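Numbering (our numbering), first residue to last: 121 to 642.
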């Protein structure tokens, strides 16, 4: 059968091959953009951690985390609401109403949130963290909250238009670049925690201005003309997401606050060196996340459930493929990763890094289950599941941090993510019948994890392989893993996608096809 024909669907259904190619191309661009963003963010944190030390770094982290939590709550979930509602109609008044209604709610709420953090800075610093040096940091970073919300709303608006370039420029380039640049300038001028807090705030203001420009350019939200009020519909969809976002922040950020409250600010500093390293494994998930929601939402509107299941499993496999190498680097060689980034002062967080990477690996591979539930409108399920996981995370942090500090926080986070994804996957199957794995994914997954386990056993058998031994083992894994991917991981949709890329890009991929052809449809 001709491959071009096999990738097409009937005239009355979605062109799955075209959708997959567009999704893969856009996600590939976002993957590169996210890599740039993570490099900038990573360098910024490394710079602060090395110059300020554990205690002052912990103070800065608590201030920045406060902005992250407050801005996430203040969006009221409306950034996700724009991404879902905007592509569901081509009517201009409807689309303008989606964006305007969201902004009319989120902007005042963000100003209120910033004012509350500013006014409550003293009690938060002294009563919760017992550290008066946090007061000016809280007050300075509170000014960034409305601007951070504007950035999120701008990203939601361009997500609704299914545009990647504006999102990349605002969120993946401008914000991390300005943050790194202002951090570097502040530290060169001899600034400590307060100066770094000012640098962070300024680094949020400039991308927010760019975000306002993109909202105006791509949505006509600020142009005169009729618009359909969508406040009730948006809040009906987004309010569960707001509660979910609140619970997500508890799930993600509770350990940072509780380490500062139940252990020490220095422990917070150590934890927030290993946490960003572990988060690097989620880069594939984040790259696909932006385009996955509107893509699946559109398919759901067309009642194309079979296509949703195909895309879900294919994306899960791709995420598995790109995540396994990072699982090896940060899970099997955590000491090496920490020592050569943040420095030997933070190597005490090695075990916590291994635990966190395991949890984030599962969350990455299974992560599109939550977005699929959102796309089909099951936001309340997402909210309840996240609330359960956040509650478990809080309870475990409260029990484990006093005794095990950063390791206890890592265990709590990992257990919570395992529980969350278990609930998501079970509920998705109940509502749609979609299963996360097929025969190809199962055999490839087992073989890949067996290979990881083999290299982990060799590493631990050597006790301390040193830099040269570790690099030799990583090189060996790098040679073996691609063979596993080609022999066991490829399936017919992967090859069809490759051939479509060959046609669209005008590149001769015959040598690649000859290599993979014997291992497809065995």
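Note that beta-carbon positions come from the ideal geometry of N, C-alpha and C, so glycine has one too. Predicted model only: the values in this text are computed from it and were never measured.
Tell me which residue opens and which closes the alpha helix (DSSP H) that residue i is part of.
{"i": "residue 295", "result": "295-308"}
{"i": "residue 466", "result": "Element bounds for residue 466: n/a, residue is neither H nor E."}
{"i": "residue 552", "result": "499-552"}
{"i": "residue 451", "result": "Note, residue 451: premise wrong, no alpha helix (DSSP H); not H, not E."}
{"i": "residue 292", "result": "Residue 292 -> no alpha helix (DSSP H), and no H or E assigned at all."}
{"i": "residue 283", "result": "Careful: residue 283 lies outside any alpha helix (DSSP H) and carries neither H nor E."}
{"i": "residue 214", "result": "212-239"}
{"i": "residue 247", "result": "Residue 247 -> no alpha helix (DSSP H), and no H or E assigned at all."}
{"i": "residue 596", "result": "586-604"}
{"i": "residue 342", "result": "Element bounds for residue 342: n/a, residue is neither H nor E."}
{"i": "residue 490", "result": "488-495"}
{"i": "residue 568", "result": "559-581"}
{"i": "residue 470", "result": "470-485"}
{"i": "residue 555", "result": "Neither: residue 555 is in no alpha helix (DSSP H) and is coded neither H nor E."}
{"i": "residue 389", "result": "385-399"}
Short of 7 Å in beta carbon distance, which residues of its chain neighbour residue i, apart from the five on each side in sequence? Order them along the chain.
{"i": "residue 585", "result": "579, 593"}
{"i": "residue 194", "result": "226, 229, 230, 233, 265, 269"}
{"i": "residue 258", "result": "183, 186, 237, 241, 244, 245"}
{"i": "residue 534", "result": "475, 476, 478, 479"}
{"i": "residue 328", "result": "267, 270, 271"}
{"i": "residue 530", "result": "472, 475, 476"}
{"i": "residue 395", "result": "476"}
{"i": "residue 567", "result": "604, 608"}
{"i": "residue 511", "result": "none"}
{"i": "residue 321", "result": "260, 261, 263, 264"}
{"i": "residue 532", "result": "375, 513, 516, 517, 520"}
{"i": "residue 675", "result": "No information on residue 675 is available, as it lies outside the stretch 121 to 642 that the chain covers here."}
{"i": "residue 455", "result": "467, 470"}
{"i": "residue 221", "result": "349, 350, 351, 354"}
{"i": "residue 116", "result": "Outside the shown range of the chain (121 to 642) lies residue 116, about which nothing can therefore be said."}
{"i": "residue 442", "result": "404"}
Leaving aside the five residues before and after residue i along the sequence, list all residues of the same chain whose C-beta is less than 6 Å from its C-beta, in chain order.
{"i": "residue 185", "result": "373, 376"}
{"i": "residue 453", "result": "590"}
{"i": "residue 318", "result": "260"}
{"i": "residue 368", "result": "506"}
{"i": "residue 172", "result": "none"}
{"i": "residue 153", "result": "288, 292"}
{"i": "residue 525", "result": "383, 387"}
{"i": "residue 164", "result": "299, 300, 303"}
{"i": "residue 125", "result": "Any reading at residue 125 needs caution, since the residue's pLDDT is 39, under 50, leaving its predicted position unreliable; the model's value is listed next. If we look at residue 125 and ignore the five residues flanking it on each side, it has no Cβ neighbours."}
{"i": "residue 601", "result": "none"}
Tell whether a beta-carbon distance below 8 Å holds between residue i and residue j.
{"i": "residue 451", "j": "residue 484", "result": "no"}
{"i": "residue 492", "j": "residue 416", "result": "yes"}
{"i": "residue 572", "j": "residue 537", "result": "no"}
{"i": "residue 439", "j": "residue 307", "result": "no"}
{"i": "residue 433", "j": "residue 556", "result": "yes"}
{"i": "residue 107", "j": "residue 198", "result": "This structure gives no information on residue 107, because the portion of the chain shown stretches from 121 to 642."}
{"i": "residue 151", "j": "residue 300", "result": "no"}
{"i": "residue 469", "j": "residue 393", "result": "yes"}
{"i": "residue 202", "j": "residue 276", "result": "yes"}
{"i": "residue 354", "j": "residue 501", "result": "no"}
{"i": "residue 149", "j": "residue 284", "result": "yes"}
{"i": "residue 563", "j": "residue 608", "result": "yes"}
{"i": "residue 360", "j": "residue 314", "result": "no"}
{"i": "residue 513", "j": "residue 370", "result": "yes"}
{"i": "residue 223", "j": "residue 273", "result": "yes"}
{"i": "residue 316", "j": "residue 412", "result": "no"}
{"i": "residue 486", "j": "residue 541", "result": "yes"}
{"i": "residue 498", "j": "residue 551", "result": "yes"}
{"i": "residue 381", "j": "residue 248", "result": "yes"}
So, for residue i: in the same chain, excluding its five sequence neighbours on each side, which residues have a beta-carbon less than 8 Å away from its beta-carbon?
{"i": "residue 325", "result": "264, 267"}
{"i": "residue 66", "result": "Nothing about residue 66 can be read from this structure; the chain reaches only from 121 to 642."}
{"i": "residue 549", "result": "555"}
{"i": "residue 459", "result": "467"}
{"i": "residue 305", "result": "319"}
**OP:** Indicate whether the contact test is met: 3 or more Cβ pairs, each with one atom in the region 440-459 and one in the region 506-515, closer than 8 Å.
**Re:** no
Original post:
Do the region 283-295 and the region 348-362 meet, that is, are 3 or more Cβ pairs less than 8 Å apart?
Top reply: Between the region 283-295 and the region 348-362 there are fewer than three inter-stretch CB-CB distances shorter than 8 Å, so the stretches are not counted as touching.
Original post:
Is the number of C-beta pairs between the region 165-179 and the region 379-390 that are closer than 8 Å three or more?
Top reply: yes
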